[in-house]
Structures are given as C-alpha cells and as structure tokens.
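In terms of UniProt numbering, the numbers along the sequence shown are unbroken and rise by one, the last being 258. Here a beta-carbon is modelled for each residue, glycine too, at the ideal position from N, C-alpha and C.
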Amino acid sequence: MKEVSLQDIAVKISAILEPTIHRVVKEEVESLVHLLQSSPGRSLVHPLESSASRGLQLHFSNKLPPTLFTNSIIRDEEHASLKIILVDTRSRDLIEHGPLSSTKVEILVLNADFATDSGEDWSESEFNACIIRQREGKRPLLVGDLTCTLVNGIGFVGNVTFTDNSSWVRSRKFRLAVQAVSSATKGTGIREAVSEAFVVLDHRGESYQKHNRPSLEDPVWRLRKISRLGATHKKLECHGIKTVRDFLMQYHIDPDFL
Numbered sequence: 001m002k003e004v005s006l007q008d009i010a011v012k013i014s015a016i017l018e019p020t021i022h023r024v025v026k027e028e029v030e031s032l033v034h035l036l037q038s039s040p041g042r043s044l045v046h047p048l049e050s051s052a053s054r055g056l057q058l059h060f061s062n063k064l065p066p067t068l069f070t071n072s073i074i075r076d077e078e079h080a081s082l083k084i085i086l087v088d089t090r091s092r093d094l095i096e097h098g099p100l101s102s103t104k105v106e107i108l109v110l111n112a113d114f115a116t117d118s119g120e121d122w123s124e125s126e127f128n129a130c131i132i133r134q135r136e137g138k139r140p141l142l143v144g145d146l147t148c149t150l151v152n153g154i155g156f157v158g159n160v161t162f163t164d165n166s167s168w169v170r171s172r173k174f175r176l177a178v179q180a181v182s183s184a185t186k187g188t189g190i191r192e193a194v195s196e197a198f199v200v201l202d203h204r205g206e207s208y209q210k211h212n213r214p215s216l217e218d219p220v221w222r223l224r225k226i227s228r229l230g231a232t233h234k235k236l237e238c239h240g241i242k243t244v245r246d247f248l249m250q251y252h253i254d255p256d257f258l
C-alpha cells in the first residue's frame, strides 16, 4: 500500500476547502463594502486625508449662543468676538510660531447635519460638501469680514452677519466653520474648526430676546421667566418696577413682594 505523507493530505484538504474559503471571504468582503457604503459615518475613500495626516486643528475657543439673528454681528454667549486658535491636534498646544501661526482663514457656514461629535476626522471633500452658500435668489448667506489672518496662532471673527434665517434647511440649524485658505497651508493638513449647531432667526424677533446678562437699564421683561406684557410684567410695572435696576432695588427692600 502506497504511503501517504502529511503533505499529500494537506494538499488534498486544501484543494477541497479552497472554493469554500474563497466563497466565505468573498461574502465577508462584499458585506463589509456594503456596510461602509451605507453607513452614515465617515467615508474611507480619502485615506491620504486621515486624522494621522492632520496634525494641526483650527478651533473656536468660545461658544456661540443657541440662537443668532439676521443682520446682527455674530458674537459669542458673552457678546464678545469669536476667537479662533490654531492648535496641535494631539498636545492641544497653541501654534504661536512659524509660518502656519499666521495662516489666513475663511469663515463659512455648514449644514448642522455635519456631525462633529464622533471624535473622527473628516476629509476635505466631506467638509466642502456640507458648505452652505445661499438659497437661490438670495444674497450670500454670510456677509462682512469673511477672512482673517491669524497672529501668533490667534484670530477673531470680525463684523460678520447672516442675511437669511436657517428655517429653509432640513435641520433648521447651521454651524459656523473656519477653514485655512493660505497657499502656504496646502498639504499641511489643518483640520477645520466647526461650531455647535445653532438657529438663525429673522432680526425682527431679536427685540424680544432674553439677555443672558441683562444690563441694569434693560426692561424687566428681559429677565428669564418674566414674559413681556404677561401678568408678572404688568404687576411689576404697576408698582413702578420697569427696569432690571428697579427689580434689584425692590428685591433688597422687600424680597417677599417679588
């Protein structure tokens, strides 16, 4: 009887299993490709634009309020100018020196559907696909000082205003973004800054807006939980309490009255 070696057995088993293995691998690969194509997450079609190649990042160091108004200069929650900084993605250190510390940047608007909470990077093409300019027949969505040059890695959003509200986009919200546009930054991989989502309303509603930090001379209805021309507002006015200053004075004199 001819002696059969282990190698011969391995060859025969391999010949039998090879079609099955190929079929299983093919099915798994096709399944993975389908999953990636249908996933709402980040695309993998730009491997050269991965987070590993984007060592620097633009960042808003202060927050926008949840509501902005058309024709009003964009300010942060404390009514201060929005501050932009350029940082190292890993260490978060400010880039204060070198040619990139004076990068020129552009202020843009994104659809609020542009997700930034996953912690993943995005490609330049994914970012550009979410830029909103204006709706047909309207003025440019943003007007004003739409570019600025960083100084020692720091810049500020100047006199920039929205000309249109956000009601016409699916999410009814926008995000503000900053993108490097200097020719010197090409190929350096600077990740864009993207703000929180916010609503933009027509400026007509701004006169009724509550103030996070009302001034002493603001009408008393600027305070939260006091509706303009509501029962509380009318009661206070009947007792001569018309401003925030009046309200505070009354609180110190007779807090039980309030």
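Alpha helix (DSSP H) segment containing residue i, residue limits
i	result
Asp88	Asp88 -> not in any alpha helix (DSSP H); beta strand (DSSP E) instead, spanning 83-88.
Val244	244-253
Range covered by the beta strand (DSSP E) that runs through residue i
i	result
Cys130	Per DSSP, Cys130 belongs to no beta strand (DSSP E) and is neither H nor E.
Thr161	160-162
Ile154	154-156
Leu201	199-201
Ile107	104-111
Leu176	174-180
Inter-residue spacing [alpha-carbon to alpha-carbon] between residue i and residue j
i	j	result
Ser72	Ser167	17 Å
Leu150	Gly240	50 Å
Gly144	Leu176	14 Å
Pro99	Ser195	25 Å
Pro65	Leu94	25 Å
Leu141	Arg135	8 Å
Ile226	Leu68	21 Å
Gly55	Thr243	51 Å
Phe156	Glu78	15 Å
His203	Lys138	16 Å
residue 304	Arg224	As shown, the chain starts at 1 and ends at 258. That puts residue 304 outside it, with no answer to give.
Tyr251	Ile154	43 Å
Asp256	Asp76	35 Å
Asp121	Ala115	10 Å
Leu86	Asp254	51 Å
Per-residue DSSP class, three states only, for residue i
i	result
Ala231	helix
Glu124	helix
Ser72	coil
Ser43	Residue confidence is low: Ser43 scores 42 on pLDDT, short of 50, so the model does not pin down where it sits. Its coordinate-derived value is still stated next. Of the three classes helix, strand and coil, the one that applies to Ser43 here is coil, per DSSP.
Phe60	strand
Arg222	helix
Arg191	strand
Leu100	helix
Leu142	strand
Leu150	coil
Leu216	coil
Cβ of residue i within 8 Å of any chain D Cβ
i	result
Asp113	Although the question refers to chain D, the structure presented lacks it and comprises just one protein chain.
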